[in-house]
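Residue numbers (the numbering used here): 2 to 674. Here is the structure we will look at, set down as structure tokens.
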Ligand SMILES: [Zn+2]
């Protein structure tokens with residue numbers, strides 16, 4: 002999801018009310034959690050080697066995580082960031098049919114889920130997410146909704162051949178908030194599968210959050226019962242969907258059939274498998290042309306909308322669009338009778354390993370009145386973002402990427418192969434939001450972390466990578482600097498809460514956003530500064546290679562970077578992810594000694610970081626020395642460093658390139674400015 006625009010508004014509102022909770026205050030959930038336990042996590046390599054925990058007294062060692070250590074002991078995780086030899090995750094295959102009725106504004110669905118138990122555990126109880134119950138009148142929420150509409154109504158729940166009743170106990174099902182519990186007639190053993198089937202219907206929400214209806218435009222997100230994640234570290238993750246914190250979803254295969262009025266255009270996660278039945282010949286011809294074209298093709302123009310024009314006539318005024326998607330976390334779709342349709346092909350790299358570059362199709366669906374916001378550029382913007390990330394990370398693997406004009410509440414919201422974008426934009430803000438959401442195709446759509454409990458693990462990545470795409474289109478833009486300034490100013494004027502916290506347990510939305518987006522992106526910039534550009538790039542690619550279509554925890558990310566960089570960076574993870582320690586490096590004094598300079602440096606904050614000292618003369622000639630972080634790790638707060646200086650030396654400065662978010666830069670130079 003996109004943060005920046007919402008934050009600007011809420012941030013100002015918060016400043017005006019001088020510290021009161023923002024409008025997004027999570028007053029109906031339990032208050033802030035205590036700080037992470039001060040117990041130190043042992044260095045993991047020695048702990049594993051000796052089979053027992055060697056207590057560490059390092060102030061920067063990571064907090065204990067007994068469930069993770071137990072997973073290491075079972076061989077599903079490792080202490081080096083690789084999935085363990087016994088790593089497993091659950092599988093599922095969905096066959097879903099849904100009809101959207103724009104008059105009643107209802108969706109009705111029927112479908113089966115074949116759930117594959119790959120865990121070593123016998124499961125007598127299964128959990129299914131019913132996210133749409135966010136809209137039930139009695140739902141707990143930490144987000145505003147426009148109307149309480151009743152949530153999702155199940156008219157049939159079946160396990161195998163047994164039709165289940167809604168019961169409080171015993172065989173049957175019960176729904177609490179947004180989570181359904183199914184108590185099976187017989188447990189599903191390890192390696193076995195079970196078929197669940199459902200009939201359901203729901204009233205489509207007007208404007209979100211994250212989808213819904215906006216005039217004749219519908220974005221259908223969280224529209225079907227979805228298996229909750231059962232994983233090797235935490236077991237069932239059945240946290241309620243309260244509106245703010247996002248999702249944790251398992252990988253599955255989907256066959257979906259979506260029925261809408263003829264003439265309405267549809268786009269969905271997955272590949273359209275019956276284009277011949279739903280698209281007019283000319284529409285198909287232009288799509289094929291777009292695939293091999295480097296410039297945007299108008300697939301459906303304003304006068305070409307409607308049944309018998311861009312789509313086929315259909316039966317009884319309806320058309321059923323069929324999609325197939327393998328190994329994705331979710332399926333979301335959008336439909337409108339107002340959409341224009343643009344598309345452009347873009348090279349992504351060698352996806353299938355045949356040595357030749359592959360392409361994907363970037364599609365854009367928008368209403369004509371969005372042209373004033375620059376939506377005619379939206380397909381090209383999407384293609385540029387895909388191209389940048391495919392080079393920086395790994396090739397975009399899917400057949401298409403749809404950028405969809407949706408309800409304002411979307412702001413920007415990511416789904417596999419699709420992003421819903423709502424609100425008003427200009428060229429720069431439209432590019433920014435597309436760049437952010439498309440970065441989410443890598444994190445968390447491909448690298449499937451738990452967004453609810455570790456929002457930084459996908460939001461921080463998206464916020465970090467969007468900067469590279471933005472720079473490609475707007476060479477003078479400094480998006481990394483904007484994130485850093487947002488973080489630094491929030492710390493100065495509001496206060497902050499650490500990154501390692503459940504997304505629904507921040508004191509307010511602003512602190513959730515500062516931590517998960519701006520501080521998380523700023524920490525990645527700082528990490529790149531610490532380990533260097535090429536090691537950083539290798540570490541991120543290796544993290545992707547190890548965890549693509551899997552479920553990495555924060556430790557799997559930290560350990561992968563430690564492993565690739567061949568460094569113990571726990572001081573970094575502890576400082577930036579688990580704590581709200583401040584960075585304030587300073588030059589206390591300096592003295593010229595012959596052709597060298599003795600610089601007295603001080604660590605006035607609590608975060609240990611390397612000290613990059615740059616001395617320069619009037620001509621701008623520079624000398625540089627980097628004091629390794631070790632100078633601080635023993636607890637020392639002051640040190641003297643001798644460095645070479647250029648002839649005609651005028652000044653010395655700590656971190657003049659601003660790689661690190663130093664809270665007070667006025668003490669970074671000598672002589673003081
Ligand atoms: Zn996001």
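Every residue, glycine too, gets a C-beta built ideally from N, C-alpha and C. As the structure is a computational prediction, the values presented were derived from the model and not from experiment.
Asked, Found
"Pick out every residue whose C-beta is nearer than 6 Å to a heavy atom of ligand 1: which are they, in chain order?", "2, 3, 437, 441, 460 and 463"
"In terms of residues, what are the limits of the beta strand (DSSP E) holding residue 202?", "194–204"
"Taking the alpha-carbon positions, what's the residue 115 to residue 161 distance?", "10 Å"
"Quick check on DSSP: helix, strand or coil for residue 458?", "helix"
"Need the endpoints of the beta strand (DSSP E) that residue 239 sits in, please.", "Neither: residue 239 is in no beta strand (DSSP E) and is coded neither H nor E."
"How would you call residue 1, buried or exposed, if buried means at least 16 neighbouring beta carbons within 10 angstroms?", "Because the chain in this structure spans residues 2 to 674, residue 1 falls outside the shown range and cannot be described."
"CB-CB under 6 Å to residue 3, same chain, minus the five flanking residues each way: which ones, in chain order?", "412, 413, 434 and 437"
"Does the structure place the stretch 172–191 close enough to the stretch 298–312 that three or more beta carbon pairs sit under 8 Å?", "no"
"Take the Cβ of residue 126 as the centre, count every other Cβ of all protein chains shown within 10 Å, and call the residue buried at 16 or more, exposed below.", "exposed"
"Would you call the stretch 471–491 in contact with the stretch 537–555, where contact means no fewer than 3 C-beta pairs closer than 8 Å?", "no"
"Who does residue 272 pair with in a DSSP beta bridge?", "325"
"Between the C-alpha atoms of residue 335 and residue 400, what's the straight-line distance to the nearest angstrom?", "17 Å"
"Which value, in whole angstroms, describes the spacing of the CA atoms of residue 496 and residue 524?", "17 Å"
"Quick check on residue 385: buried or exposed, where buried means 16 or more other Cβ atoms within 10 Å of its Cβ?", "buried"
"At what residue ranges does the stretch 44–126 contain a whole run of the alpha helix (DSSP H), taking only runs of 4 or more?", "45–51 and 67–75"
"Output needed for residue 518: all residues of its chain with C-beta closer than 6 Å, excluding positions within five of it in sequence on either side, in chain order.", "4, 460 and 464"
"Could you name the residues of the same chain whose beta carbon sits closer than 7 Å to that of residue 347, not counting the 5 residues immediately before and after it, in chain order?", "360, 361, 363, 384, 387 and 388"
"With DSSP as the reference, label residue 447 as helix, strand or coil.", "helix"
"Is it buried or exposed for residue 452, if we count other Cβ within 10 angstroms and need 16 for buried?", "buried"
"Sorted by chain position, which residues of the same chain lie with C-beta nearer than 8 Å to residue 148's C-beta, five sequence neighbours on each side aside?", "136, 206 and 207"
"If residue 204 sits next to residue 557, beta carbons under 8 Å apart, how far is it from one beta carbon to the other, in whole angstroms?", "So it is not a contact: roughly 40 Å between Cβ atoms."
"Could you compute how far the alpha carbon of residue 103 sits from the alpha carbon of residue 608?", "55 Å"
"Please classify residue 520 as buried or exposed, where buried requires at least 16 neighbouring CB atoms within 10 angstroms.", "buried"
"Look up residue 366 in the DSSP assignment and give the residues it is bridged to.", "342 and 405"
"Is residue 530 helix, strand or coil when you go by DSSP?", "helix"
"Please give the ranges of any beta strand (DSSP E) in the stretch 146–228, keeping only runs that are unbroken, at least 3 residues long and fully inside the region.", "153–160, 173–177, 180–189, 194–204, 213–215 and 218–221"
"Quick check on DSSP: helix, strand or coil for residue 397?", "coil"
"Between 146, 212 and 358, which lies nearest to residue 415 when the distance is taken from Cα to Cα?", "212"
"With DSSP run on the structure shown, which of helix, strand or coil describes residue 38?", "Confidence is the limiting factor: at residue 38 the pLDDT is only 35, short of 50, which leaves the residue's position unreliable and the question unanswerable from this model."
"Determine which residues share a DSSP beta bridge with residue 575 and list them.", "Bridge partners of residue 575: none, in fact."
"With a cut-off of 8 Å on the beta carbons, I'd call residue 176 and residue 134 a contact; round off their distance for me.", "7 Å"
"With a threshold of 6 Å on Cβ separation, who are the neighbours of residue 269 within its own chain once the five nearest residues in sequence on each side are excluded?", "324 and 334"
"In its own chain, which residues sit with a C-beta less than 7 Å from the C-beta of residue 248, not counting the 5 before and 5 after it?", "452 and 453"
"Less than 8 Å separating the beta-carbons of residue 407 and residue 156?", "no"
"Under the three-state reduction of DSSP, which class applies to residue 332: helix, strand or coil?", "coil"
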